[in-house]
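Trainee:
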Amino acid sequence: MSLPKAAFLDRDGVINIDHAYVHTPEEFTFIPGVFEACRQLQSAGYLLIIATNQSGIGRGYYSEEDFGRLCDWMKGEFAQQGVQITDIFFCPHHPEKAIGAYRCDCECRKPKPGMLLAAQKKWNIDMPASLMVGDKSGDMQAALSAHIGTRILVGKDGLQKPQATPECTHTAVNLLEAVQIVL
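Written out as structure tokens, the structure reads:
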């Protein structure tokens with residue numbers, strides 16, 4: 001039996017419009033095509049794993065509990081569309097702008113691969129067969145360091161195709177276009 005493959009998805013700018021430090025359902029706007037893209041990935045056998053830097057927690061803008069409530073709401077919205085989010089990994093740290101214990105140079109904050117490697121360990125994921133979709137070069141750097149085979153850089157908030165970075169294997173306007181590249 002082969003290992004599962006995963007679609008690692010950044011959140012802000014890929015799944016939702018990045019309004020900066022989004023932490024309530026009222027602030028959360030799904031990017032058009034996200035549900036359809038995730039349904040297609042799920043149908044193709046991918047685990048759907050969100051990996052997101054959330055320095056707003058470390059900066060004191062919102063709590064881990066606030067983030068957890070938003071994740072529960074978001075997973076519910078996906079479930080209503082027939083999509084199961086397998087897991088959500090997040091980094092609350094920042095090396096300079098966080099407070100207290102959240103101020104650290106951790107291994108989980110992208111561009112480091114810690115979140116992706118934690119998911120690999122938890123779900124026994126075949127990383128070379130997996131993909132990462134993100135809107136920042138740090139997403140692509142983390143994916144490359146974690147040996148994820150397909151790394152797709154999308155435009156922030158799904159508005160336009162970005163310039164390629166050395167770490168990405170493809171570029172796309174948004175998540176739906178990214179899925180069309182790989183499926």
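Heads up: the sequence shown runs through residues 1 to 183, numbered per this note's numbering.
C-beta atoms are modelled at their ideal positions from N, C-alpha and C, and glycine is treated no differently.
#1: Is Y62 near the ligand ADP - that is, is its Cβ less than 7 Å away from at least one heavy atom of it?
#2: Start and end of the beta strand (DSSP E) containing R151?
#3: Thinking C-beta only, is V154 closer than 8 Å to A143?
#4: Could you say which of Q160, I152, P166 lies nearest to I181 if we only look at CA atoms?
#5: Which same chain residues end up closer than 8 Å to D18 when comparing Cβ atoms and leaving out the 5 residues on each side of it in sequence?
#6: Hey, is N124's beta-carbon within less than 8 Å of any beta-carbon in chain D?
#7: Give me the Cβ distance between P4 and I125, rounded to the nearest whole Å; I'm assuming they're in contact under 8 Å.
#8: Do P166 and H147 have their beta-carbon atoms positioned less than 8 Å apart in this structure?
#9: Closest by CA to N174, which one among D139, M1, V34?
#10: F67 and Q84: beta carbons closer than 8 Å?
#11: So what does DSSP say about V133, is it helix, strand or coil?
#12: Among I99, T150, W123, T24, which one has its Cα closest to the Cα of G58?
#13: From the DSSP output, which residues share a beta bridge with Y46?
#14: Please say whether R109 and C91 have beta carbons closer to each other than 8 Å?
Mentor: Answer, in terms of the structure:
#1: The ligand ADP is absent from the structure shown, which contains no ligands of any kind.
#2: Locating residue 151 in the sequence shown gives position 151, counting from the first residue. Residues 150–154.
#3: Numbered from 1 along the sequence shown, position 143 holds the residue referred to as residue 143. Numbered from 1 along the sequence shown, position 154 holds the residue referred to as residue 154. Cβ distance not < 8 Å, so A143 and V154 don't count as in contact.
#4: The count along the sequence shown starts at 1 and reaches residue 181 at position 181. When only C-alpha atoms are compared, the closest one is I152.
#5: Working through the sequence shown from its first residue, we reach residue 18 at position 18. Correct list, in chain order: D12, D135, K156, D157.
#6: Reference to chain D is not applicable here, since this structure consists of a single protein chain.
#7: Here the question's residue 4 lines up with position 4 in the sequence shown. Here the question's residue 125 lines up with position 125 in the sequence shown. Between I125 and P4 the Cβ distance is about 6 Å, and since that is below 8 Å, they are a contact.
#8: Here residue 147 corresponds to residue number 147 of the sequence shown, with the count starting at 1. Here residue 166 corresponds to residue number 166 of the sequence shown, with the count starting at 1. No, these two residues do not count as a Cβ contact at 8 Å.
#9: What you label residue 174 is simply residue 174 of the sequence shown in a count that begins at 1. The shortest Cα separation from N174 among D139, M1, V34 belongs to V34.
#10: Along the sequence shown, one-based indexing puts residue 67 at 67. Along the sequence shown, one-based indexing puts residue 84 at 84. No, they are not a contact pair.
#11: Counting from 1 along the sequence shown, the entry for residue 133 is found at position 133. Of the three classes helix, strand and coil, the one that applies to V133 here is strand, per DSSP.
#12: Taking the first residue of the sequence shown as 1, we reach residue 58 at position 58. The shortest C-alpha separation from G58 is found at I99.
#13: Position 46 of the sequence shown, counting from 1, holds the residue named residue 46. Note: Y46 sits in a beta bridge opposite K5.
#14: Indexing the sequence shown from 1 puts residue 91 at position 91. Indexing the sequence shown from 1 puts residue 109 at position 109. Cβ distance < 8 Å, so C91 and R109 count as in contact.
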